[in-house]
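Take a look at the structure set out below.
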Ligand SMILES: *Cc1c(COP(=O)(O)O)cnc(C)c1O
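Next up, the structure:
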């Protein structure tokens, strides 16, 4: 592993943007259709702007975010690639988004009307109509679909909008259930065609379906977690999918102390030393996104050796019983990263905290500095 220690740094998330680029290439090759790179939630904690640039370098043809503010932030950073935003507030004003040529996912007739009404002179808003196919979130209900298609076709004929895409989102419950949703989507596509809509983009799969259910690839896939190198596929690791985790979370051992057997550790003394031992202080806590639920279970690596959090994770720090290993102040603790390089997997923290690795990377807080660094042994 490269030497990531930086004197004077408490903690940082090292972001390998080349890994993101390469993951996009790998996924594009695997799916054979356009990749919409999802960079919502600050690029799942990796930084939206750097993730967007890296994904576009890897051949993504569009970016996806949840809301229009996230899309506008990409524009402000100078990114002019197509950006799709699909989650909107009731009564939202779409003027800024339309003026910035953000493509809007539309889930209701009211939204479609608001988008059409938001166009400044000379701008035709571009929309993707979203059909609800079983997930129970947003999307137009199947019984309203013919009506919105007819309305959208009228708006398109009069030059007020461009319907560029149709989309939906899957539950990843099972292959069977996802194929049922796909069938509902296919039905919705033909309804749209009959209404006179011929959008060039059709997308329903996120990472998991894109990689495991080829029928769902249509002509584009919306890939989030996969571009960051994490696996959403049960039973498959990043390496199994040929993906490289892009975030390595590290902290610098801030203090060590030798203590007697029976010494309590951290709030509530949920851990007590079993023998004379060394405690190392790791200056990163739940305010930074380390799950408190991973108290006494979260893994880390110091100097090539694996340890486990001892006692409760506190707001700013936690403690590790490192036994007699020669851990010293200034050593780097790797909290998670690429298991192929000896780091714990984000998925291990997810298991320790009863959550998913999406949650582990996305929750890393603003107090953790992001630093871009490539892994020289990759490319
Ligand atoms: C977040 C999201 C995605 C990306 O999902 P991954 O599982 O991270 O690939 C795709 N589509 C929609 C609608 C989403 O909300």
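Residue numbers (our numbering): 52 to 430.
Just so you know, even glycine gets a beta-carbon here, dropped at the ideal spot from N, CA and C.
Quick caveat: nothing in here was measured; it's all calculated off a predicted structure.
- Query: For residue 398, which residues of its own chain have a beta-carbon under 6 Å away from its beta-carbon, when the five flanking residues on both sides are left out?
  - Reply: Counting from one through the chain shown, the residue named residue 398 turns up at place 347. Excluding the 5 residues flanking it on each side, residue 398 has same chain C-beta neighbours closer than 6 Å at 408, in chain order.
- Can you name the residues that DSSP bridges to residue 181? Within the chain shown, the letter at position 130 stands for residue 181. Its beta-bridge partners are 218.
- Item | CB of residue 191 within 8 Å of CB of residue 203, strictly | What you label residue 191 is simply residue 140 of the chain shown in a count that begins at 1. What you label residue 203 is simply residue 152 of the chain shown in a count that begins at 1. No, the Cβ-Cβ distance between residue 191 and residue 203 is not below 8 Å.
- Please report the residue range of the alpha helix (DSSP H) in which residue 413 lies. The sequence position of residue 413 within the chain shown is 362, counting from 1. Residues 408-413.
- Item | The beta strand (DSSP E) enclosing residue 383, as first and last residue numbers | Taking the chain shown and counting its residues from 1, the one referred to as residue 383 is at position 332. Its beta strand (DSSP E) spans residues 383-387.
- Message: Closer than 8 Å is the cut-off here; do at least three beta carbon pairs connect the stretch 215-229 with the stretch 175-195?
- Response: yes
- Message: Could you give the first and the last residue of the continuous alpha helix (DSSP H) run that contains residue 258?
- Response: Walking along the chain shown from the start, residue 258 turns up at place 207. From DSSP, the alpha helix (DSSP H) with residue 258 extends over 258-263.
- Counting only the same chain and skipping the five closest in sequence on each side, list residues whose C-beta sits under 6 Å from that of residue 77. In the chain shown, the residue the question calls residue 77 occupies position 26. So the qualifying residues of the chain are 293.
- Between which two residues does the alpha helix (DSSP H) harbouring residue 101 extend? Position 50 of the chain shown holds residue 101. Here the alpha helix (DSSP H) through residue 101 covers 99-108.
- Item | Nearest to residue 84 (by Cα), restricted to the options 385, 335, 265 and 315 | Position 33 of the chain shown holds residue 84. Selected option, being the one with the closest Cα: 265.
- Query: Could you check where the beta strand (DSSP E) with residue 350 kicks off and where it finishes?
  - Reply: Working through the chain shown from its first residue, we reach residue 350 at position 299. Element bounds for residue 350: 350-353.
- Message: Let me make sure I understand the geometry here. Which of 154, 239, 296 and 167 has the alpha-carbon closest to that of residue 66?
- Response: Counted from its first residue, the chain shown places residue 66 at position 15. Checking every option, the nearest Cα to that of residue 66 belongs to 296.
- Compute every distance between the C-beta of residue 284 and the non-hydrogen atoms of ligand 1, then say whether any falls below 7 Å. For the purposes of this step, residue 284 is identified with residue 233 of the chain shown, where counting begins at 1. False, no ligand heavy atom lies under 7 Å from that Cβ.
- Decide yes or no for the touch test of the stretch 184-200 against the stretch 146-155: beta carbon pairs closer than 8 Å, at least 3 of them. Flag = no, the stretch 184-200 and the stretch 146-155 do not touch.
- Task: Consider the C-beta atom of residue 276 and the heavy atoms of ligand 1; say whether any pair is separated by less than 7 Å.
- Result: Residue 276 sits at position 225 when you count from the first residue of the chain shown. At least one heavy atom of ligand 1 is nearer than 7 Å to the Cβ of residue 276, so yes.
- So is residue 209 buried or exposed if we call it buried at 16+ other beta carbons inside 10 Å? The sequence position of residue 209 within the chain shown is 158, counting from 1. Of the other Cβ atoms in all chains shown, fewer than 16 fall within 10 Å of the Cβ of residue 209; this residue is therefore exposed.
- Message: Within 8 Å, do at least three Cβ pairs link the stretch 316-328 to the stretch 283-290?
- Response: no
- What is the DSSP secondary structure of residue 376, counted as helix, strand or coil? Translated into positions along the chain shown, residue 376 becomes position 325. Here residue 376 sits in coil by DSSP.
- The alpha helix (DSSP H) with residue 149 in it runs from where to where? Your numbering for residue 149 matches position 98 in the chain shown. 146-150 is the extent of the alpha helix (DSSP H) around residue 149.
- residue 423: first and last residue of the uninterrupted beta strand (DSSP E) it sits in: Reading the chain shown from its first residue, position 372 is the one you call residue 423. Start and end: 420-423.
- residue 273 beta carbon near ligand 2 (any heavy atom closer than 7 Å): In terms of ligand content, the structure shown lacks ligand 2 and carries ligand 1 instead.
- Message: When you measure from the CB of residue 287 to every non-hydrogen atom of ligand 1, does any distance come out below 7 Å?
- Response: By one-based count along the chain shown, residue 287 stands at place 236. Outside the cutoff, so no.
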